Every structure is written in structure tokens, then in C-alpha cells.
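Here is the structure we will look at.
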Amino acid sequence: MDGLAVTVVPRERAGMATGIFSTVRVAGEGIALAVVGAVLAALLARELTAIWPSMQHGSAVAQMLVTGNMQAALGLMQGASAAELLKAYGLAFSSLLDVLAGVTVLTAIGVFAFLRSGTDMPHVRQSGLTRKAATHAD
């Protein structure tokens, strides 16, 4: 992707394109990790509430488990075992993977739809990165 980001801009702006691409990629990864962690905590809180409907500290326990603090979670959950908490975590993680798989499929469909349309930008055609050049690159 770095090479593609650099080849679609004029040579004198290649450094700027690389810097912007790298910054956006790292920022996007950070945001994605935060969102995935929050979704996992929410799914885990839902699982814990389903298993223990009278639980008072569901979101706090979920946050502790997501960050790996099993001892503190067990301290808030009197009467719960580590195996029960791990089972709830496994169910929440499985749900998270289902959500992420769906997002991946939708993203792939979107990328395919945008790539099918081709390009009318002359500097991309001149760079040789058109669909025809990419399919005959073997």
C-alpha cells in the first residue's frame, strides 16, 4: 500500500504522501483497537448479565476481564468461578469475531465495487496502475 500511495501522486509530493499515509494508518489502527476493545467489553457485559441477571457491577467486571485482570473481576463477583468468567469471555469473543467477519465482508464488497469502476485520473493512467496493467502484471 505504501508503494501505491506514492505512485499516484507527483514525484515532488511522494514524501508527503508517504507521511500522510503512515500517519492515517497508525491513527486508524489505534482507533480500531479502541473500538474493538469497547465492543468486546459491551458484549462481555451482556453475556455476564445473561448468566447472572442480579449482578450489580457487570460493566466493571467486563472491563476488568477485557484488560486481563481476572483477580479483580473475581473479587467483584462473589460466588463466580474463573471458569464461568472465562466461558462468558469466550462467548463474547466469539460474538466479536462474528461482527468483525461481517465488517470485513462488507468492506471487501465496497472495495470491489469501487475498484470495478476504474479511474479517469490521468496521473494514475500514466503511472501504469490501471486495472488492465494490474491484471496483466503476472
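Residue numbers for the sequence shown, in UniProt numbering: 1 to 138.
Note that the Cβ used here is the ideal one computed from N, Cα and C, for glycine as well.
Computed from a predicted model, the values in this text were never measured in an experiment.
Integer Cβ distance of residue 18 from residue 6, believed to fall under 8 angstroms: 6 angstroms
For residue 99 and residue 139, the rounded distance between their alpha carbons: The chain is shown only over 1 to 138; residue 139 falls outside these bounds and no answer can be derived.
Please state if the CB of residue 60 and the CB of residue 76 are separated by a distance shorter than 8 angstroms. yes
How close, in whole Å, do the beta carbons of residue 32 and residue 44 come, if the pair is a contact with beta carbons under 8 angstroms? The pair is not a contact, with the Cβ atoms about 18 angstroms apart (cut-off 8 angstroms).
Let's see if you can read the secondary structure: which residues bound the alpha helix (DSSP H) around residue 15? 14–51
Taking only the alpha-carbon atoms, compute the straight-line gap between residue 104 and residue 14 and give it to the nearest angstrom. 30 angstroms
Run through DSSP, which three-state label would residue 59 get? helix
Three-way DSSP call (helix, strand, coil) for residue 70 in this model: helix
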